[in-house]
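Numbered by our numbering, the letters in the sequence shown go through residues 28 to 331 in order.
Don't be surprised by glycine CBs; every beta carbon is placed ideally from N, CA and C.
Note that this is a predicted model, so its numbers are computed, not measured.
Below is one structure, written out as structure tokens, with a few remarks after it.
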Amino acid sequence: MITKDALLYLSKQESLKNILTNVSLFKKITDRFVAGETIEEASLAVKELNKLNISASFDHLGEAIKSEEEAEAEVVEYGKILSKIDKDGLNSNVSLKPTQLGLSINPELGLRNIRRVVEKARAYNNFVRIDMEDSQYTTATIDMFKVLRKEYDNVGIVIQSYLYRSKDDIDDLLKCGARIRLCKGAYDEPATVAFSKKFDTDKNYIELSKTLLESGIYHGIATHDVKMIKAVREFSKEKNIPKSAYEFQMLYGVRRDLQLKLAGGGYGIRVYVPYGKHWYPYFMRRLAERPANVWFIMKNFFLG
Ligand SMILES: Cc1cc2nc3c(=O)[nH]c(=O)nc-3n(C[C@H](O)[C@H](O)[C@H](O)COP(=O)(O)OP(=O)(O)OC[C@H]3O[C@@H](n4cnc5c(N)ncnc54)[C@H](O)[C@@H]3O)c2cc1C
28 MITKDALLYL
38 SKQESLKNIL
48 TNVSLFKKIT
58 DRFVAGETIE
68 EASLAVKELN
78 KLNISASFDH
88 LGEAIKSEEE
98 AEAEVVEYGK
108 ILSKIDKDGL
118 NSNVSLKPTQ
128 LGLSINPELG
138 LRNIRRVVEK
148 ARAYNNFVRI
158 DMEDSQYTTA
168 TIDMFKVLRK
178 EYDNVGIVIQ
188 SYLYRSKDDI
198 DDLLKCGARI
208 RLCKGAYDEP
218 ATVAFSKKFD
228 TDKNYIELSK
238 TLLESGIYHG
248 IATHDVKMIK
258 AVREFSKEKN
268 IPKSAYEFQM
278 LYGVRRDLQL
288 KLAGGGYGIR
298 VYVPYGKHWY
308 PYFMRRLAER
318 PANVWFIMKN
328 FFLG
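Structure representation (structure tokens):
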């Protein structure tokens with residue numbers, strides 16, 4: 028049996044990445060989770076979601092870039108996405124990763140570049156969500172967000188319920204009116220910083236979601252877990268929090284049945300739509316979340 032840890036380990040192996048990204052059949056299998064390689068292809072996916080009353084968040088795949096030039100190219104790409112959303116009247120915002128915009132090269136560079144994207148989004152009356160990466164970047168990401176939040180109100184952040192620190196982070200971030208996406212967390216973290224048992228991560232998720240729901244700020248509840256969704260719905264009902272006060276968020280290609288059900292039930296639902304050539308680490312994290320996905324791949328790979 029391939030374990031989650033093994034898949035997260037494989038996601039960091041450059042040689043495997045180079046082989047798999049060049050196998051066209053493998054690329055085809057990624058279509059389930061990745062909406063193509065270009066803005067045009069991703070826009071088609073977003074249009075289809077919008078027709079179903081589902082909003083979106085474009086994500087240009089990429090992380091831990093190695094040069095200022097690559098970071099600059101990401102700023103340009105996000106400018107193009109924002110312009111495309113505006114031109115085509117799409118119901119979508121954008122999500123980006125701090126290390127994709129330069130945070131891992133230099134925090135000042137990351138801040139400068141993300142500020143440019145947020146500025147552009149503001150000009151289009153749109154919103155930028157800063158994704159959360161592995162825990163070595165949590166403090167830098169939150170610090171950068173707080174600087175941006177003082178200047179802009181069209182920027183939000185992500186908090187992961189598997190980190191012990193997240194309750195304190197949420198209490199702190201709510202003081203500056205932060206719009207937060209709550210997720211469980213997708214990286215391979217040590218027990219010194221994160222819960223290792225799913226039970227504890229889930230318990231914390233429910234506790235944190237209650238704090239968010241009671242804050243009066245519009246947040247994103249990002250999960251495919253029906254237990255989390257049920258807890259959020261029941262708590263909102265008990266506290267008379269309207270459906271319009273928050274939204275559910277899910278990933279492209281994951282639990283489409285649930286996405287439709289929530290949209291049909293009058294809940295706000297946003298789907299994260301990744302696209303681009305650098306799909307490998309993202310794709311491996313999706314496999315690690317659900318080992319059954321590995322069998323889905325094996326079946327397609329070997330049985331055609
Ligand atoms: C919109 C959005 C944005 C996110 N942004 C971030 C981020 O910025 N940083 C970060 O660390 N993580 C992020 N994540 C990933 C998140 O942290 C989890 O890794 C992921 O959502 C799986 O957790 P879950 O809440 O769905 O619960 P789980 O307990 O993992 O899954 C519950 C059920 O959902 C279904 N499911 C979950 N994942 C998959 C999958 N890959 N394939 C098929 N079925 C699946 C299965 O039925 C599973 O039993 C994001 C998730 C979403 C939905």
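- Residue pairing by DSSP leaves Gly280 without any beta bridge partner.
- Cβ-Cβ distances below 7 Å link Val281 to His251 in the same chain, with the five nearest sequence neighbours on each side left out; the list follows chain order.
- Between the C-alpha atoms of Ile92 and Ser110 there is a straight-line separation of about 23 Å.
- No heavy atom of ligand 1 is found nearer than 7 Å to the CB of His305.
- The secondary-structure analysis by DSSP pairs Val298 across a beta bridge with Ala83 and Met277.
- Using a Cβ distance threshold of 8 Å, Ile108 and His87 count as a contacting pair.
- C-alpha of Val144 to C-alpha of Leu175: approximately 11 Å in a straight line.
- When rounded, the separation of the alpha-carbon atoms in Val103 and Phe60 is 24 Å.
- Taking a contact as a CB-CB distance under 8 Å, the pair Leu79 and Ala249 does not count as one, their CB atoms being some 18 Å apart.
- Closer than 7 Å to some heavy atom of ligand 1: that does not describe the Cβ of Gln163.
- Assignment of Val61 by DSSP, reduced to helix, strand and coil, places it in the coil class.
- Contact between Asn231 and Ser188 holds: CB atoms are separated by about 4 Å, below the 8 Å threshold.
- Rounded to the nearest whole angstrom, the CA to CA distance from Lys194 to Ala319 is 31 Å.
- DSSP places Ser119 in no alpha helix (DSSP H) but in the uninterrupted beta strand (DSSP E) bounded by Ser119 to Leu123.
- When distances are taken from the beta-carbon of Thr250 to the heavy atoms of ligand 1, the shortest one is below 7 Å.
- Residue pairing from DSSP places Ala249 in a beta bridge opposite Gln276.
- Inclusion of Leu200 and Met171 in the CB contact set at 8 Å is not warranted, their separation being larger than that value.
- Per DSSP, the continuous alpha helix (DSSP H) segment holding Gly106 begins and ends at Glu95 to Asp115.
- Counted as a single uninterrupted DSSP element, the stretch harbouring Leu128 is not any alpha helix (DSSP H), since DSSP gives it neither H nor E.
- For Cys203, the CB stays at least 7 Å from every heavy atom of ligand 1.
- The Cβ neighbour count for Val253, taken over all protein chains shown within 10 Å, is under 16; the residue is labelled exposed.
- Look at Arg206 here: in three-state DSSP terms it is strand.
- Cβ-Cβ distances below 8 Å link Pro134 to Ala167, Asp170 and Met171 in the same chain, with the five nearest sequence neighbours on each side left out; the list follows chain order.
- Taking a 10 Å sphere around the C-beta of Asn120, we find 16 or more other C-beta atoms and assign the residue as buried.
- With a cut-off of 8 Å on Cβ pairs, the segment 298-316 is in contact with the segment 262-281, counting three or more such pairs.
- For Asp158, the shortest separation between its Cβ and any heavy atom of ligand 1 lies below 7 Å.
- Taken atom to atom, the span from the alpha-carbon of Tyr302 to that of Ser70 is near 10 Å.
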